[in-house]
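Below is one structure; the comments refer to it alone.
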Amino acid sequence: MARSLPSIPSAVNQPIALMPALLTTWFSAMIGGRSRPRRGSAGVETAASKDVLPGRDLRKRTVDDFEQLKILGVGSYGSVYLVKDKHTGQYFAKKTIKKARLSVNKTLLKNQMNERDILASISHPAIVKLFYAFHDLENIDLILEFIPGGELFYYLADVRRFNENDTAFYMAEISQALHHLHSIGVVYRDLKPENCLLDKKGHLVLTDFGLSSQEEKCRSILGTPEYSAPEVLMGKEYSYEADWWSFGVMMYDMVVGQVPYPGSDRKKLITSIQKRGANFPNWLSEDAKDIMRKLLQRDPKKRMDVDGSFDKFMNHRFFRKIDWKRLRDSTPPVEPQVGSYIDYGLAALKQHSTSEYVDQSLFRGFSFVAEKSVLEQHYDQI
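Just so we're aligned, residue 13 is where the sequence shown starts under my numbering, counting upward by one.
Printed below as a string of structure tokens:
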């Protein structure tokens, strides 16, 4: 079944200024509550800093140093805003979640703490960067790298499917991000086109770590069912192999135009996966069929051992045209038109407050500032 979306301009051929739907929804998955479309107060740690000058004291920023410009996404638990550093003009994405919601939902609180911890420990070109984490009496805030190209989902929905060469390019970039996460003990658990953003040059950046785990063995049933491995859907113990199943599903989605096992009902998906293997159209190359068959093995022990033999994975013939050493310097298949994204109808922002009691001790140690070298490198790109 092909994706059906609301009528929006082409995400590939039109300027982002003409795509409000793209810009106002691409971060929604980061904050909960999004259904998958068919295709400055008396703060705890946020006193305002009035003396910060461009290029100086980058490690002394507070949440008040970032001006909110536009709502990028709204979910059940919070919002994501486009913000600008008041002193340098640099753009960021700010993810804000109400403490009151977290304090009554221990699972959600744990997920947000995990996301902060994971992002604080990662430095990889294909993974979104965390620069600051703040919290005051009401909110927690993550100041993240702003990726202006939007979700891969919308580009894919516009063309329905990519050719094999373009698919190989983006799957190669995703594989590098996943392999890096696994090498530092992180199971991603929510791979799908909505969580893959394109930077201004069209390179892929993985985002949304709210469901990720730093435990090697997991049992939680979560993620997007259509992309979830059978061991996840069945509530069995799982690990990194589950991410590679999702990787295989995403590869299939990109090159065929739909997921191999459509549907959102967990029990029906389990039955479908158990009864039949993925159906591969005869127009696919044998290389594409071969790698997807190896990734979409129902038994995780028989699934392609990507992490254990990443060199062998990179040398698979499906990736024969990929220059792995120069991948991030190569020209991507899609070049987003991002020149005027800030000019399109800036939404009016309303400030909300809450009088709900929040146990502030739950958030002790949440604040974070990236290393000086990371900050300087990013701010030098202005």
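For every residue, glycine included, the Cβ atom is placed at its ideal position computed from N, Cα and C.
Alpha-carbon spacing of residue i relative to residue j, whole angstroms
| i | j | result |
| --- | --- | --- |
| Ile334 | His328 | 10 Å |
| Ile282 | Ala254 | 14 Å |
| Lys111 | Arg305 | 44 Å |
| Phe143 | Leu154 | 8 Å |
| Met125 | Leu164 | 26 Å |
| Met326 | Leu190 | 13 Å |
| Asn347 | Gln309 | Looking at the sequence itself, residue 347 is Glu, so the reference to Asn does not match. Using only the alpha carbons, I get a separation of about 34 Å. |
| Arg278 | Pro160 | 34 Å |
| Asp77 | Tyr93 | 14 Å |
| Thr179 | Lys213 | 17 Å |
| Asp319 | Ser251 | 12 Å |
| Lys280 | Lys313 | 23 Å |
| Ala300 | Arg113 | 44 Å |
| Gly101 | Asp341 | 27 Å |
| Lys287 | Leu70 | 56 Å |
| Tyr103 | Ser284 | 45 Å |
| Pro237 | His136 | 27 Å |
| Asp317 | Lys98 | 47 Å |
| Gln226 | Tyr264 | 27 Å |
| Gly275 | Lys72 | 48 Å |
| Asp311 | Lys324 | 20 Å |
| Ala121 | Lys229 | Ala is not the amino acid found at residue 121; the sequence shown has Leu there. So the alpha carbons of these two residues sit roughly 20 Å apart. |
| Gly90 | Trp295 | 44 Å |
| Gly87 | Pro242 | 28 Å |
| Trp257 | Ala184 | 15 Å |
| Val140 | Leu131 | 8 Å |
| Asp129 | Trp336 | 29 Å |
| Asp116 | Asn123 | In the sequence as presented, Asp is not what sits at residue 116; that position holds Val. Looking at the two C-alpha atoms, the distance is approximately 13 Å. |
| Lys4 | Ser133 | The requested residue 4 does not occur in the structure, where the chain is confined to residues 13 to 394. |
| Leu210 | Thr343 | 13 Å |
Expected contact under 8 Å - CB spacing of residue i and residue j to nearest Å
| i | j | result |
| --- | --- | --- |
| Pro345 | Phe174 | 7 Å |
| Leu156 | Lys107 | 6 Å |
| Ile109 | Ile152 | 5 Å |
| Val199 | Ser224 | 7 Å |
| Ile303 | Phe322 | 14 Å between Cβ atoms; not a contact. |
| Met266 | Leu168 | 6 Å |
First through last residue of the alpha helix (DSSP H) which encompasses residue i
| i | result |
| --- | --- |
| His136 | Premise fails: His136 is in no alpha helix (DSSP H) and is neither H nor E. |
| Phe181 | Glu176 to Ser195 |
| Val171 | Leu164 to Val171 |
| Ile282 | Arg278 to Lys287 |
| Asp153 | Note, Asp153: premise wrong, no alpha helix (DSSP H); beta strand (DSSP E) at Asn151 to Glu157. |
| Leu307 | Glu298 to Leu307 |
| Leu245 | Pro242 to Leu245 |
| Tyr252 | Tyr252 to Val268 |
| Lys333 | No alpha helix (DSSP H) contains Lys333, which DSSP labels as neither H nor E. |
| Met326 | Phe322 to Met326 |
Close beta carbons around residue i, own chain, < 6 Å, minus the five adjacent residues each side
| i | result |
| --- | --- |
| Glu127 | Phe221 and Gly222 |
| Gln188 | Ala138 |
| Ala413 | A query on residue 413 cannot be resolved here, the shown segment of the chain reaching from 13 to 394 and no further. |
| Tyr182 | Leu216 |
| Arg332 | none |
| Pro205 | Leu164, Phe165 and Leu168 |
| His192 | His136 |
8 Å Cβ shell around residue i - same chain, five flanking residues per side excluded
| i | result |
| --- | --- |
| Ile186 | Ala138, Leu203, Cys208, Leu216, Leu218, Phe259 and Met262 |
| Thr366 | The pLDDT assigned to Thr366 is 39, lower than 50, so where the model puts this residue is not dependable; a value taken from the coordinates is nonetheless given after this. Cβ neighbours of Thr366 beyond the five flanking positions: Lys110, Ala112 and Glu150. |
| His194 | Tyr252, Asp255 and Asp319 |
| Lys96 | Phe78, Glu79, Leu81, Gln102, Tyr103 and Phe104 |
Proximity test, Cβ basis, 8 Å: residue i and chain C
| i | result |
| --- | --- |
| Phe221 | Protein chains in the displayed structure number just one, and chain C is not present. |
Residues near residue i in its chain [Cβ-Cβ closer than 7 Å; skip 5 each side]
| i | result |
| --- | --- |
| Val350 | Ile28, Pro160, Gly161 and Lys212 |
| Ser297 | Glu176 |
| Arg231 | Gly247 and Glu249 |
| Ser373 | With a pLDDT of 45 at Ser373, under the threshold of 50, the predicted position of this residue should be treated as unreliable, though the coordinate-derived value follows. Hits under 7 Å: none found. |
| Gly235 | Arg201, Asp202, Leu223 and Val244 |
| Pro293 | Val268 |
| Phe158 | Leu94, Tyr103, Phe104 and Ala105 |
Boundaries (first-last residue) of the beta strand (DSSP E) holding residue i
| i | result |
| --- | --- |
| Gln80 | Phe78 to Val86 |
| Gly90 | Gly90 to Asp97 |
| Lys107 | Tyr103 to Lys110 |
| Leu218 | Leu216 to Leu218 |
| Cys208 | Cys208 to Leu210 |
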